[in-house]
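Written out below as structure tokens is the structure these notes cover.
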Amino acid sequence: MKRLAGKVILVTGAARGLGRAFAERCAQEGAALALIDVLADAGEETARGLAAQGTDVIFRRCDITRTDELDALRDEIQARWGRLDGLVNNAALATGLAGKTFDQIEEANWDRVFQVNVKGTWLVTKAVLPLLKAAGEGRIVNLASDTAIWGADLFMHYVASKGAIIAMTRAMARELAPFQITVNAIAPGLTTTEATELAPPRRWQQYLDNQLVKRSPEPEDIVGAAAMLLSADSSFITGQTIIINGGMTLS
Ligand SMILES: NC(=O)c1ccc[n+]([C@@H]2O[C@H](COP(=O)([O-])OP(=O)(O)OC[C@H]3O[C@@H](n4cnc5c(N)ncnc54)[C@H](O)[C@@H]3O)[C@@H](O)[C@H]2O)c1
Numbered sequence: 011m012k013r014l015a016g017k018v019i020l021v022t023g024a025a026r027g028l029g030r031a032f033a034e035r036c037a038q039e040g041a042a043l044a045l046i047d048v049l050a051d052a053g054e055e056t057a058r059g060l061a062a063q064g065t066d067v068i069f070r071r072c073d074i075t076r077t078d079e080l081d082a083l084r085d086e087i088q089a090r091w092g093r094l095d096g097l098v099n100n101a102a103l104a105t106g107l108a109g110k111t112f113d114q115i116e117e118a119n120w121d122r123v124f125q126v127n128v129k130g131t132w133l134v135t136k137a138v139l140p141l142l143k144a145a146g147e148g149r150i151v152n153l154a155s156d157t158a159i160w161g162a163d164l165f166m167h168y169v170a171s172k173g174a175i176i177a178m179t180r181a182m183a184r185e186l187a188p189f190q191i192t193v194n195a196i197a198p199g200l201t202t203t204e205a206t207e208l209a210p211p212r213r214w215q216q217y218l219d220n221q222l223v224k225r226s227p228e229p230e231d232i233v234g235a236a237a238m239l240l241s242a243d244s245s246f247i248t249g250q251t252i253i254i255n256g257g258m259t260l261s
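In terms of the numbering used here, the sequence shown opens at residue 11 and continues consecutively.
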């Protein structure tokens, strides 16, 4: 039995990287998918690939900081499927950001990272919440980062935004529990995606030196936890953050 059969799941930032990997895993588990991203061509390609394998999927170019676009998306999901069971809040300004000491980060850049990573996550969740409530049992998975746990240097705006995601996950779990909606976070370590190809070799070495499992993680190492958190297997798990970094934060 596929774990997400009959479920409709929204994945944000699904055009590439971890978002695309979450979408592919949800499709393998039998879910129908609404995918959004600001990268229209890559997003369409991701959706075409999944549709070719038989997944019921739409891609829409949608900016998670735009409430008008999010409201239109929610209405389209309602019209097409009449339900939404799960949300993966993956979209973010992430590891493609240039590394800078905290006093060199431009104010506008700080604001933009918080606007997308923190406010955008809140806005998406707010927009689709009526559908998750109506489903009778909902699942939200937020993308944090292990950098918020060990305090990575040179990306303080990003690190702080991911710390906010862990805090939001706990507060949302508390507020949404009465509606049978669970809210959990995944905090990956440095994982191979298009964006992390830009990470400095020093950072890759730092992870490899400190991980207990001595290899570079691939998106496939991350997505299984999301499938579990989106499924019935996690109905008694909420407000938690699962750190997936080969044990790096234990060393
Ligand atoms: N890859 C890693 O090493 C790693 C580690 C820890 C956490 N993460 C988290 O995982 C998630 C995905 O990371 P990734 O490595 O795949 O990065 P990525 O940059 O490849 O993916 C992010 C996606 O979000 C999209 N996006 C950005 N702003 C958007 C907006 N306003 N509206 C809609 N979509 C938008 C981007 O276009 C992109 O497709 C992020 O939340 C990131 O913080 C990644």
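Note that CB positions come from ideal geometry on N, CA and C, so glycine has one too.
Look up residue i in the DSSP assignment and say whether it is helix, strand or coil.
i, result
"Arg13", "coil"
"Ile74", "coil"
"Arg213", "helix"
"Ala174", "helix"
"Thr206", "helix"
"Val169", "helix"
"Arg225", "coil"
"Thr259", "helix"
"Thr248", "coil"
"Leu20", "strand"
Can you tell which of the options has the C-alpha that lies nearest to the C-alpha of residue i?
i, options, result
"Ala25", "Met11, Arg13, Leu43 and Thr248", "Leu43"
"Ile68", "Gln114, Pro227 and Ala41", "Ala41"
"Ala31", "Thr251, Ala236 and Ser226", "Ala236"
"Ile175", "Leu200, Lys110, Thr77 and Asn99", "Asn99"
"Ile338", "Ala209, Ile87, Lys110 and Arg58", "Look at the range of the chain in this structure, 11 to 261, and you will see that residue 338 is not part of it."
"Ala101", "Ser171, Gln215 and Leu139", "Ser171"
"Cys36", "Leu49, Val21, Val48 and Asp47", "Val21"
"Asn152", "Ser245, Leu260, Asp85 and Asn127", "Asn127"
"Tyr217", "Leu49, Ala57 and Ala162", "Ala162"
"Gly23", "Lys17, Glu39, Ala137 and Thr56", "Thr56"
"Asp51", "Arg70, Gly249 and Gly234", "Arg70"
"Gln38", "Ala104, Arg58, Gln63 and Asp78", "Gln63"
"Leu107", "Tyr168, Leu60, Phe246 and Arg84", "Tyr168"
"Gln89", "Thr206, Leu141, Thr251 and Ala61", "Correcting the residue identity first, residue 89 is Ala in this sequence and not Gln. Per the Cα distances, Leu141."
"Asn194", "Thr201, Arg184 and Leu260", "Arg184"
"Phe246", "Asp73, Pro188 and Ala15", "Pro188"
"Asp121", "Pro229, Thr135, Leu60 and Leu103", "Leu103"
With respect to the alpha helix (DSSP H) encompassing residue i, which residues constitute its N-terminal and C-terminal limits?
i, result
"Ile159", "Thr157 to Trp160"
Please look up how many angstroms separate the CB atoms of residue i and residue j, rounded, as I've assumed it's under 8 Å.
i, j, result
"Gly256", "Val223", "4 Å"
"Ala145", "Arg93", "5 Å"
"Pro210", "Gly109", "7 Å"
"Leu97", "Val48", "No, Leu97 and Val48 are not in contact; Cβ-Cβ is about 18 Å, not under 8 Å."
"Leu28", "Thr203", "6 Å"
"Leu164", "Leu80", "With 8 Å as the limit, Leu164 and Leu80 do not qualify as a contact, their Cβ atoms being about 32 Å apart."
What first and last residue would you give for the beta strand (DSSP E) that runs through residue i?
i, result
"Gly234", "Element bounds for Gly234: not the beta strand (DSSP E) but the alpha helix (DSSP H), Glu230 to Leu240."
"Glu148", "Sequence check: residue 148 is Gly here, not Glu. Looking at the DSSP string, the run of the beta strand (DSSP E) that includes Gly148 is Gly148 to Leu153."
"Ala197", "Ile191 to Pro198"
| Which residue spans inside the segment 25-80 form an unbroken alpha helix (DSSP H) run of at least 4? | 27-38 and 50-62
Could I get the ranges of all uninterrupted beta strand (DSSP E) runs contained in the segment 90-137, with 3 residues as the minimum, in chain order? As far as the segment 90-137 is concerned, its whole beta strand (DSSP E) runs of at least 3 residues are 96-99.
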